[in-house]
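Reviewing the structure listed below.
Number of protein chains: 2
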Amino acid sequence: MPLVVAAAYGGPVVSEGERRQTTIYDVAAAAGVAPSTVSRAFSRPGRVRAETAERIRAVAAELGYRANPQARALTTTRTGMLALVLADVTNPVFAEVVRGAGRACERDGYTMLLAETEESAEKERAMVDRAQGSVDAIVLTSSRMSDAAIRQIAKVEPLVVLNREVPGVPSVLVDFEPAMRRITEHLAELGHRQITYVAGPEASWADGMRWRGLRLATEHLGIRLRRVGPVAPTVAGGQTAVVDWDDHRTSAVVAYNDMVAIGIVRRLAASGVRVPEDVSVVGFDNTPVGELVTPALTTVAAPLRALGETGASNAIALAAGARSRATDPIRLPTRLIARASTGPVRG
Amino acid sequence: MPLVVAAAYGGPVVSEGERRQTTIYDVAAAAGVAPSTVSRAFSRPGRVRAETAERIRAVAAELGYRANPQARALTTTRTGMLALVLADVTNPVFAEVVRGAGRACERDGYTMLLAETEESAEKERAMVDRAQGSVDAIVLTSSRMSDAAIRQIAKVEPLVVLNREVPGVPSVLVDFEPAMRRITEHLAELGHRQITYVAGPEASWADGMRWRGLRLATEHLGIRLRRVGPVAPTVAGGQTAVVDWDDHRTSAVVAYNDMVAIGIVRRLAASGVRVPEDVSVVGFDNTPVGELVTPALTTVAAPLRALGETGASNAIALAAGARSRATDPIRLPTRLIARASTGPVRG
DNA sequence: CTGAAAGCGCTAACAT
DNA sequence: ATGTTAGCGCTTTCAG
Chain F
1 MPLVVAAAYG GPVVSEGERR QTTIYDVAAA AGVAPSTVSR AFSRPGRVRA
51 ETAERIRAVA AELGYRANPQ ARALTTTRTG MLALVLADVT NPVFAEVVRG
101 AGRACERDGY TMLLAETEES AEKERAMVDR AQGSVDAIVL TSSRMSDAAI
151 RQIAKVEPLV VLNREVPGVP SVLVDFEPAM RRITEHLAEL GHRQITYVAG
201 PEASWADGMR WRGLRLATEH LGIRLRRVGP VAPTVAGGQT AVVDWDDHRT
251 SAVVAYNDMV AIGIVRRLAA SGVRVPEDVS VVGFDNTPVG ELVTPALTTV
301 AAPLRALGET GASNAIALAA GARSRATDPI RLPTRLIARA STGPVRG
Chain E
1 MPLVVAAAYG GPVVSEGERR QTTIYDVAAA AGVAPSTVSR AFSRPGRVRA
51 ETAERIRAVA AELGYRANPQ ARALTTTRTG MLALVLADVT NPVFAEVVRG
101 AGRACERDGY TMLLAETEES AEKERAMVDR AQGSVDAIVL TSSRMSDAAI
151 RQIAKVEPLV VLNREVPGVP SVLVDFEPAM RRITEHLAEL GHRQITYVAG
201 PEASWADGMR WRGLRLATEH LGIRLRRVGP VAPTVAGGQT AVVDWDDHRT
251 SAVVAYNDMV AIGIVRRLAA SGVRVPEDVS VVGFDNTPVG ELVTPALTTV
301 AAPLRALGET GASNAIALAA GARSRATDPI RLPTRLIARA STGPVRG
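Residue numbers (UniProt numbering), protein chains in the order written: chain F, 1 to 347; chain E, 1 to 347.
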């Protein structure tokens, strides 16, 4: 069966049906060297004479040789793949993380495997389970699993958790405390003396951190803090929170995230309460829509892309043998973005 | 070196450092059968007596056996992985596609590999190149590569293209023609007699289709059509388009997508032109933000999730040997969503 | 620096 | 229905 060689797309292509790939043996034969030398020429360039390596590369290119990743992985136990698991790519916050992780992978020649858990701890476990054998490292974003489960996985596989602190497991997270302090200061400067926090999902580690940071900061500045919720981290969730706020009105509201904040603003507007004249509203995440709604949202920009990027590159380093048992989380700095949804409190 | 067995997370776990996995040989020995029988028990359950299979499974579970995907792939040449390549997960449109493809993969027990090309045809080629050996099928979303290059890949690897038509290559796409017709009818019903189309990226296949659909529909209904652009498919892009529109004002503007539409509305508002009182604006894609901006955007909902899902499942079917050389694209239906950015033309 | 030989863990004929 | 025997394509000792 004759090979049909096509010039256009990188090397030989076999006629439909027949798919035998060119192996190191083919290259070896054509280059007049032993197969092991071909292998070395690709995986350990230093260990072969420059000339020989050159010739081998040439022949390989001509024959369209491509190393078989599976075969390689079989002996090296390294697949060059990293699994990124998260709840929902459709959430802009996670999308940024994906982008960052993708960059890190590309930089280090890794391939990224994406697993969406759709908020289910069970699914998350299943996905990790399946990915486990195929990847060199795993990055868990806002994991829903128990600390114990996560630690267990970390024991078997290089693992980094994002937006979550698990003692003993490398993690990188958004530095919430200063973020909440900045929000509080911003509000205080505008004259606000009481704040309502609209909480997000109870199970969320991030929600706990935001609440904690806010408590610390308000205490320090002598500001009254109330908490309502939890609500779903969505526009609808924010809307439902307004009735609770209405029970004990405060001049400022800090929402779990931008979506919730937008929901609050909308419901407020619907009942004739003006933002920011009557009440100031603060979001979190600096989601793109925050800039497009009216009024534009005051919010906190988290370095989401960097989160994904450092998470992935740390995981890759771990896979490469970097036993940095320094278990202190890496904390990424945030930035307050003051826009039109906050304003001075009215006498 | 003694093994440390942990009960908590699915089976044995070795002490740090030592990572030897349990193989079919271990299971075979423990179950008192030949290795090949263990293999069969997992890959070809029918070919082994129920009792035996049961015993093998039990032993395997106890030993924490997990098939090595690389080894399996080496003989079967099937990896159980699918590559989804697209420009940008951060774009809500693509995020939905990812979600859909992820679902299809999960349903069929596939693992999804994600590659972001960041709009570069070169990068796209490189990513495909790298994924090629590791996956059973590839899904290309809004590819920037040439038809020839795509066809070449399709010859070597099961491939489905999304949002693009490449003769001879299976594709699934949003059915633009009826979508543009619906937009035109909607506008015509409101009394509009001239429309400006604000074009997206020139290289975009989707842009070409939208323009074509609009031309057909306006011709049919006797409506004047003008075209401005191309502009970047972003809010900023939309803003720049307004000056061109201003040269020959029309009572209605159809934008390449929601982002462009939002940009247009904002710039219009900034110069005192009211939407929809003075001019009606229509977007495309039904991005979540379209509902949150003021005025809420009239747009077209494309079945993005379904796009990803049918794309992936077709690719998987192809990988499984379904030689459906029916090269007619699958066209997915759209839905007009009339909101507040369109209104009757004013006498 | 290069060659020869022995697997990695699994599946796929071929036997029985 | 199960056991035996060869490899899949690559890396890796171990020799030379």
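Yeah, the Cβ is synthetic: ideal placement off N, Cα and C, and Gly gets one too.
Would you mind reading off the limits of the beta strand (DSSP E) that contains residue 116 of chain E?
111 to 116
Counting contacts by CB-CB distance shorter than 8 Å, is residue 68 of chain E in contact with chain F?
yes
Got a sec: is the Cβ-Cβ distance from residue 96 of chain F to anything in chain E below 8 Å?
yes
Considering only their Cβ atoms, is the gap separating residue 298 of chain E from residue 283 of chain E smaller than 8 Å?
yes
Determine which residues of the region 115 to 130 of chain E have a Cβ less than 7 Å from any Cβ of chain F, and write them out in chain order.
116, 129 and 130
Are the CB atoms of residue 195 of chain F and residue 240 of chain F within a distance shorter than 8 Å?
no
Taking 8 Å as the CB-CB cut-off, is residue 216 of chain F touching chain E?
no
Cα-Cα separation, residue 72 of chain E to residue 295 of chain E
56 Å
Can you look up residue 300 of chain E in the DSSP assignment and give me helix, strand or coil?
strand
For the region 56 to 64 of chain E against the region 23 to 42 of chain E, do three or more pairs of beta-carbon atoms, one drawn from each stretch, fall closer than 8 Å, so that the two count as touching?
yes
Bridge partners - residue 127 of chain E, DSSP secondary structure assignment:
Answer by DSSP bridge pairing: none, since residue 127 of chain E is not bridged.
Distance CB(residue 254 of chain E)-CB(residue 265 of chain E) smaller than 8 Å
Result no, Cβ atoms of residue 254 of chain E and residue 265 of chain E do not sit closer than 8 Å.
Which residues does DSSP list as the beta-bridge partners of residue 183 of chain E?
Bridge partners of residue 183 of chain E: none, in fact.
Any C-beta of chain F under 8 Å from that of residue 10 of chain E
Unreliable placement is indicated for residue 10 of chain E, whose pLDDT of 27 sits below 50; the coordinate value is still reported in the next sentence. It does; some Cβ of chain F falls within 8 Å.
Residue 310 of chain F: buried (16+ other C-beta within 10 angstroms of its C-beta) or exposed?
Counting Cβ neighbours within 10 Å, residue 310 of chain F comes out buried, since at least 16 surround it.
Is the distance from the Cβ of residue 319 of chain F to the Cβ of residue 88 of chain F below 8 Å?
Taking C-beta atoms as the reference points, residue 319 of chain F and residue 88 of chain F fail to come closer than 8 Å.
How is residue 252 of chain E classed by DSSP in three states: helix, strand or coil?
strand
Could you confirm whether any beta carbon from chain E is found closer than 8 Å to the beta carbon of residue 134 of chain F?
yes
Kindly list, in the order they appear in chain E, the residues whose Cβ is closer than 9 Å to that of residue 262 of chain F.
292
Helix, strand or coil for residue 292 of chain F? Go by DSSP, reduced to three states.
Correct three-state label for residue 292 of chain F: coil.
Residue 204 of chain F classed as buried or exposed, judged by whether at least 16 other C-beta atoms fall within 10 angstroms:
buried
Per DSSP, residue 194 of chain E forms a beta bridge with which residues?
E:224
Which of helix, strand or coil does DSSP assign to residue 267 of chain F?
For residue 267 of chain F, the three-state secondary structure derived from DSSP is helix.
Quick check on DSSP: helix, strand or coil for residue 98 of chain F?
Secondary structure of residue 98 of chain F (DSSP, three-state): helix.
By a C-beta neighbour count over all protein chains shown, 10 Å radius and 16 as the cutoff for buried, is residue 328 of chain F buried or exposed?
exposed
Please go through the same chain and pick out, in chain order, the residues whose beta-carbon is closer than 6 Å to the beta-carbon of residue 179 of chain E, but skip the five residues on each side of it.
The residues are 300 and 334.
Per the contact definition of three or more C-beta pairs closer than 8 Å, is the region 140 to 148 of chain F in contact with the region 181 to 199 of chain F?
no
Hey, does residue 209 of chain F have any beta-carbon neighbour from chain E nearer than 8 Å?
no
With a cut-off of 8 Å, does the C-beta of residue 113 of chain F fall near any C-beta of chain E?
yes
In chain order, what are the residue ranges of uninterrupted beta strand (DSSP E) at least 3 long that sit wholly in the region 12 to 86 of chain F?
81 to 86
Within 10 angstroms of the Cβ of residue 20 of chain F, are there 16 or more other Cβ atoms? Answer buried if so, exposed if not.
Result: exposed.
Whole-angstrom distance between residue 98 of chain F and residue 69 of chain F, CA atom to CA atom
24 Å
With 16 other Cβ atoms within 10 Å as the buried cut-off, status of residue 141 of chain E
The residue is buried, with at least 16 neighbouring Cβ atoms inside 10 Å.
Excluding the five sequence neighbours on either side, which residues of its own chain have a C-beta within less than 6 Å of the C-beta of residue 138 of chain F, listed in chain order?
83, 157 and 159
Would residue 330 of chain E pass as a contact of residue 104 of chain E if the rule is Cβ separation under 8 Å?
No, the Cβ-Cβ distance between residue 330 of chain E and residue 104 of chain E is not below 8 Å.
Among F:79, F:95, F:78 and F:25, nearest to residue 85 of chain F - alpha-carbon criterion:
F:95
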